[in-house]
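Visitor: Numbering (the numbering used here), first residue to last: 988 to 1122.
#1: Can you tell which of 1018, 999, 1056 has the C-alpha that lies nearest to the C-alpha of residue 1036?
#2: Please classify residue 1082: does DSSP put it in a helix, a strand, or coil?
#3: Report the CB separation of residue 1009 from residue 1092 in whole angstroms; it is logged as a contact under 8 Å.
#4: Quick check for students: name the residue ranges of the alpha helix (DSSP H) that lie wholly in the segment 1003-1059, counting only runs of 4 or more.
#5: Suppose contacts are defined by Cβ-Cβ distances below 8 Å. Is residue 1108 in contact with residue 1094 by that definition?
#6: Would you kindly check if the distance between the Cβ of residue 1088 and the Cβ of residue 1011 is under 8 Å?
#7: With residue 1076 and residue 1059 assumed to form a contact (beta carbons below 8 Å), what rounded beta-carbon distance in angstroms separates them?
#8: Roughly how many angstroms lie between the CA atoms of residue 1070 and residue 1004, to the nearest whole one?
#9: Below 6 Å CB to CB, which residues in the same chain sit around residue 1083 once its five sequence neighbours on both sides are set aside?
#10: For residue 1124, tell me which candidate among 1085, 1111, 1101, 1103 has the shortest Cα-Cα distance.
#11: Taking the straight line between their C-alpha atoms, what separation do you get for residue 1021 and residue 990?
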C-alpha cells in the first residue's frame, strides 16, 4: 500500500489548482473559444438537475443548467468567465449548435474517466421526454 497523504500535503495540493482548459473550435461563432472543466459547484448543480430529470422532473431544467455550465466554463486566457447565463441563452436561441458544441467539450474535459463521461453525456441524450429543445 502506498504512503497516505498528510493533511498538509492535501491542503498544499488544493492551494495549487490544476484546472484543465481546452480551446474549442466553434465555427458557428467564427473561431475558437477556451473552455475549462466544471467547478465542483457547477458539476453538483448539473448532477442534481440530471437526477431530477431522471426521476421524472421537467427536462426543461436542462436548458437552464446548460446555460449555467457554458457561462461558468467559457473563459478568457486568465481563466475568468466571459459570458453571463442570459448571454448564453441568447446565443442558444440564435446559434444552438454553438452552445451544444461548447457543452459537449466542457462535459468531456470535466469527466474523471470514460465511465464518468458516459454518465454525464447520458443526461443530454436520455430524459423522460428526450433531450430538451425549449427556448
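Beta carbons: idealized from backbone N, C-alpha and C, even for Gly.
Guide: Judging by the given coordinates:
#1: As a working note, residue 1036 is residue 49 in the chain shown. Among 1018, 999, 1056, the Cα nearest to that of residue 1036 belongs to 1056.
#2: By 1-based counting over the chain shown, the position of residue 1082 is 95. Three-state result, residue 1082: coil.
#3: Locating residue 1009 in the chain shown gives position 22, counting from the first residue. Locating residue 1092 in the chain shown gives position 105, counting from the first residue. That pair is a contact at about 6 Å.
#4: Correct list: 1027-1041.
#5: Your numbering for residue 1108 matches position 121 in the chain shown. Your numbering for residue 1094 matches position 107 in the chain shown. Their beta carbons are under 8 Å apart, which means residue 1108 touches residue 1094 by this criterion.
#6: Numbered from its first residue, the chain shown carries residue 1011 at position 24. Numbered from its first residue, the chain shown carries residue 1088 at position 101. Taking 8 Å as the Cβ cut-off, residue 1011 and residue 1088 qualify as a contacting pair.
#7: As a first step, residue 1076 must be located in the chain shown, where it is residue number 89. As a first step, residue 1059 must be located in the chain shown, where it is residue number 72. So it is not a contact: roughly 14 Å between Cβ atoms.
#8: Counting from one through the chain shown, the residue named residue 1070 turns up at place 83. Counting from one through the chain shown, the residue named residue 1004 turns up at place 17. Near 22 Å, if we compare the C-alpha coordinates of residue 1004 and residue 1070.
#9: As a first step, residue 1083 must be located in the chain shown, where it is residue number 96. Once the five neighbours on either side are set aside, residue 1083 has no close Cβ partner at all.
#10: A question about residue 1124 goes unanswered here, because the residues of the chain that appear run from 988 up to 1122.
#11: Counted from its first residue, the chain shown places residue 1021 at position 34. Counted from its first residue, the chain shown places residue 990 at position 3. Taking the straight line from one Cα to the other gives about 37 Å.
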